[in-house]
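Participant: Heads up: the sequence shown begins at 3 in the numbering used here, then just goes up one per residue. Built from N, CA and C at the ideal position, the CB exists for glycine as well. Fair warning: this is a prediction, and the values are worked out from it, not measured in the lab. Structure provided below as structure tokens; questions to follow.
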Amino acid sequence: MGRKNQYGYQEYRGRGGGRGRAVLLFIIALLAVLLAAGTAFYLLVDIEYTPNGMVIHWPWAQESEAPPPPPTQPPELPSVAVEVVEPSPSAEPTPTPTPEPVYEPIAAVTVTTAQLRDGSAAQAVAAAGGNALVVEMKGVKGRLAWQSQAELAAALWANAADDLTAQAVRELAANTDLYLVARVQCFRDPLMSSGWVGSLMTRGGNLWHDAQGVGWSSPASREAADYLSQLCLELAEMGFDEILLDSAGYPDSGEVNVLAVNDNRPEDRTVPVAAFWARLSEELKEKGAALSVQTTEDALRGDNAFSGVTTASLAQYAARVWLPAPVKGSDYAAILEGAGLDNTAARVVVKNAVSGSWYK
């Protein structure tokens, strides 16, 4: 019989109640197994959704990466023969060599600045049978015959009072066929020496003076070389065809034995002298003017090594070499030819000579 409930009714328990409960428990267990299997499937299996559907990647399957799709082949184009033309190398123009200057013998007559200013210089040259004039534009006292634009010229009070001499030179250059030579006293300059511009000193520390009481500056001084360079270039622009350097090295007369040996006057004096000539020769060449050097017979013969002047430097840098009349039987032309100077008949200017180049 069944058990009564709180309302007095007796519950009915059928004959098949035990088996139904077993079925229910089986269903619950089956659902639990399916749930566990589904969870494991989700965790272990890789599912990929593609445009073509779902793809399942089983963990035990040895999958290889799918090969990439074959590249799209470009359409074949008709072949075209292309002719490759190699560019011909551009031939560089052969540089035209600078022609060597042609020197003609000159007959130079010395004139004064006063003759230039009063207009009588050209007549004086013609009367002496010359075709060139030479005039001193920078004297032994350091004074200039014109008004230079160089700052040092103003600082040393070296400028002329006016520019009339320069004006006369320009007129001669423009209106005559005269060959114009400007003589420049270089390092024999008391204004530079007393102004401490490369001054030559004694071993006792005093300013050195030559036998005439004139002080000298040094070819090794950059300030002195720059100053002289600017002066010479101004003369070339003024109209002079040739710049004649006098005292263009170290002093070689007087008490040179007391001169100090230092940077301004080194043991080998040929180096600063040649360097100054080389620089000035190139600078004047660009202005269309020639560089010439006045030297002594002793220096040319090699009897005096104090000046730093050598025949090799003269032959290399000087367009002309001006010399005094021979007193020791020297053959100036032969000496300079031996050093490499050609056309000596035109390029060696000897005082009072009767042939070739001469001056008076």
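For a test of the three-state rule: what should DSSP assign to A163, helix, strand or coil?
Facilitator: Within the sequence shown, the letter at position 161 stands for residue 163. Three-state result, A163: coil.
Participant: Go to T312, then tell me how far its beta strand (DSSP E) extends in each direction, as first and last residue.
Facilitator: As a working note, residue 312 is residue 310 in the sequence shown. Neither: T312 is in no beta strand (DSSP E) and is coded neither H nor E.
Participant: List the whole-angstrom C-beta distance separating A321 from V311, where the pair is believed to meet the contact cut-off of C-beta under 8 Å.
Facilitator: As a working mapping, residue 321 is identified with position 319 in the sequence shown. As a working mapping, residue 311 is identified with position 309 in the sequence shown. Incorrect: roughly 16 Å between the Cβ atoms, too far for contact.
Participant: A280 by DSSP, collapsed to three states: which one?
Facilitator: Here residue 280 is taken as the residue at index 278 of the sequence shown, counted from 1. A280 falls in the helix class under three-state DSSP.
Participant: Could you tell me the distance, in whole angstroms, from the CA atom of T298 to the CA atom of D120?
Facilitator: The sequence position of residue 298 within the sequence shown is 296, counting from 1. The sequence position of residue 120 within the sequence shown is 118, counting from 1. Rounded to the nearest whole angstrom, the CA to CA distance from T298 to D120 is 33 Å.
Participant: A262 and T346 - do their beta-carbons sit closer together than 8 Å?
Facilitator: For the purposes of this step, residue 346 is taken as residue 344 along the sequence shown, with counting starting at 1. For the purposes of this step, residue 262 is taken as residue 260 along the sequence shown, with counting starting at 1. No. Outside cutoff.
Participant: Three or more C-beta pairs under 8 Å: does that hold for the region 262-272 against the region 280-292?
Facilitator: Contact annotation: the region 262-272 does not touch the region 280-292, with fewer than three C-beta pairs closer than 8 Å.
Participant: Under the three-state reduction of DSSP, which class applies to T112: helix, strand or coil?
Facilitator: Along the sequence shown, read from residue 1 onward, the residue named residue 112 stands at position 110. If DSSP states are grouped into helix, strand and coil, T112 belongs with the strands.
Participant: Could you check which residue in R185, Q232, S223, R145 has the C-alpha nearest to that of L193?
Facilitator: By one-based count along the sequence shown, residue 193 stands at place 191. It is R145 whose Cα lies nearest to the Cα of L193.
Participant: Checking the sheet assignment: what are the DSSP bridge partners for D248?
Facilitator: Position 246 of the sequence shown, counted from the start, is the residue given in the question as residue 248. D248 is bridged to Q187.
Participant: Does the structure place the region 171-182 close enough to the region 133-152 that three or more beta carbon pairs sit under 8 Å?
Facilitator: yes
Participant: In angstroms, rounded to a whole number, what distance separates the CA positions of D212 and S255?
Facilitator: Looking up residue 212 in the sequence shown gives position 210. Looking up residue 255 in the sequence shown gives position 253. Each residue's alpha carbon lies about 7 Å from the other.
Participant: Could you check whether the region 217-232 touches the region 174-183, counting it as contact only if at least three pairs of C-beta atoms, one from each stretch, sit closer than 8 Å?
Facilitator: no
Participant: Any heavy atom of the ligand MN closer than 7 Å to the CB of L293?
Facilitator: Among the components of this structure there are no ligands whatsoever, and the ligand MN is therefore not found.
Participant: By Cβ distance below 7 Å, which residues in the same chain neighbour Y334 in space, the five residues on each side in sequence not counted?
Facilitator: Residue mapping note: residue 334 aligns to position 332 of the sequence shown, counting from 1. L302, L325, P328, V350, V352.
Participant: On a Cα-Cα basis, can you pick out the residue from K362, S309, C188, L293 that is closest to K140?
Facilitator: Your numbering for residue 140 matches position 138 in the sequence shown. Taking only the C-alpha atoms, the option nearest K140 is C188.
Participant: By a C-beta neighbour count over all protein chains shown, 10 Å radius and 16 as the cutoff for buried, is N354 buried or exposed?
Facilitator: For this step, residue 354 is matched to residue 352 along the sequence shown. Exposed: under 16 other Cβ atoms inside 10 Å.
Participant: Determine the burial state of R267: buried for a count of at least 16 other Cβ atoms within 10 Å of its Cβ, exposed for fewer.
Facilitator: Taking the sequence shown and counting its residues from 1, the one referred to as residue 267 is at position 265. With 16 or more other Cβ atoms within 10 Å, it is buried.
Participant: Determine, using beta-carbon pairs with one atom in the region 124-132 and one in the region 104-111, whether at least three such pairs fall under 8 Å.
Facilitator: When Cβ pairs closer than 8 Å are counted between the two stretches, the region 124-132 is seen to touch the region 104-111, the count reaching three or more.
Participant: Between the alpha carbons of G4 and L26, how many angstroms are there, rounded?
Facilitator: Counted from its first residue, the sequence shown places residue 4 at position 2. Counted from its first residue, the sequence shown places residue 26 at position 24. Confidence at G4 is low in this model, with a pLDDT of 48, below 50, so the placement of that residue should be treated as unreliable; the coordinate-derived value is given next. Going by the C-alpha atoms only, they are around 22 Å apart.
Participant: Anyone know if the C-beta pair for G195 and W218 falls short of 8 Å?
Facilitator: The residue you call residue 195 lines up with position 193 of the sequence shown. The residue you call residue 218 lines up with position 216 of the sequence shown. Checking the displayed sequence, the identity of residue 195 turns out to be Ser instead of Gly. Result yes, Cβ atoms of S195 and W218 sit closer than 8 Å.
Participant: Can you tell me where the beta strand (DSSP E) with Q296 in it begins and where it stops?
Facilitator: Taking the first residue of the sequence shown as 1, we reach residue 296 at position 294. Looking at the DSSP string, the run of the beta strand (DSSP E) that includes Q296 is 292-296.
Participant: How many Å lie between A162 and W198 at the Cα?
Facilitator: Stepping through the sequence shown from its first residue, residue 162 is reached at position 160. Stepping through the sequence shown from its first residue, residue 198 is reached at position 196. When rounded, the distance between both Cα atoms is 21 Å.
Participant: Give the straight-line distance between the Cα atoms of T178 and N133, rounded to the nearest whole angstrom.
Facilitator: The sequence position of residue 178 within the sequence shown is 176, counting from 1. The sequence position of residue 133 within the sequence shown is 131, counting from 1. Using only the alpha carbons, I get a separation of about 10 Å.
Participant: Please list, in chain order, all residues of the same chain as A152 whose beta carbon is under 7 Å from its beta carbon, the five residues on each side excluded.
Facilitator: Position 150 of the sequence shown, counting from 1, holds the residue named residue 152. Hits under 7 Å: Y229, Q232, L233.
Participant: Below 8 Å on the Cβ atoms is my contact criterion, and I expect S220 with G207 to pass it. Report the Cβ-Cβ distance as a whole number of Å.
Facilitator: Residue 220 sits at position 218 when you count from the first residue of the sequence shown. Residue 207 sits at position 205 when you count from the first residue of the sequence shown. At roughly 16 Å, the Cβ-Cβ gap does not stay under 8 Å, so S220 and G207 are not in contact.
Participant: Using the beta-carbon count (16 or more within 10 Å), is S294 buried or exposed?
Facilitator: To locate residue 294, count along the sequence shown from 1; it is residue 292. When all chains shown are included, S294 counts as buried.
Participant: For E153, does the three-state DSSP call read helix, strand or coil?
Facilitator: As a position in the sequence shown, residue 153 is number 151, starting the count at 1. Note: E153 maps to helix in three-state DSSP.
Participant: Would you decide whether R190 is buried or exposed? Buried here means 16 or more other CB atoms lie within 10 Å of its CB.
Facilitator: Within the sequence shown, numbered from 1, the residue matching residue 190 stands at position 188. Under this definition R190 is a buried residue.
Participant: For L338 versus A307, is the C-beta distance shorter than 8 Å?
Facilitator: Stepping through the sequence shown from its first residue, residue 338 is reached at position 336. Stepping through the sequence shown from its first residue, residue 307 is reached at position 305. For L338 and A307, no; Cβs fall outside 8 Å.
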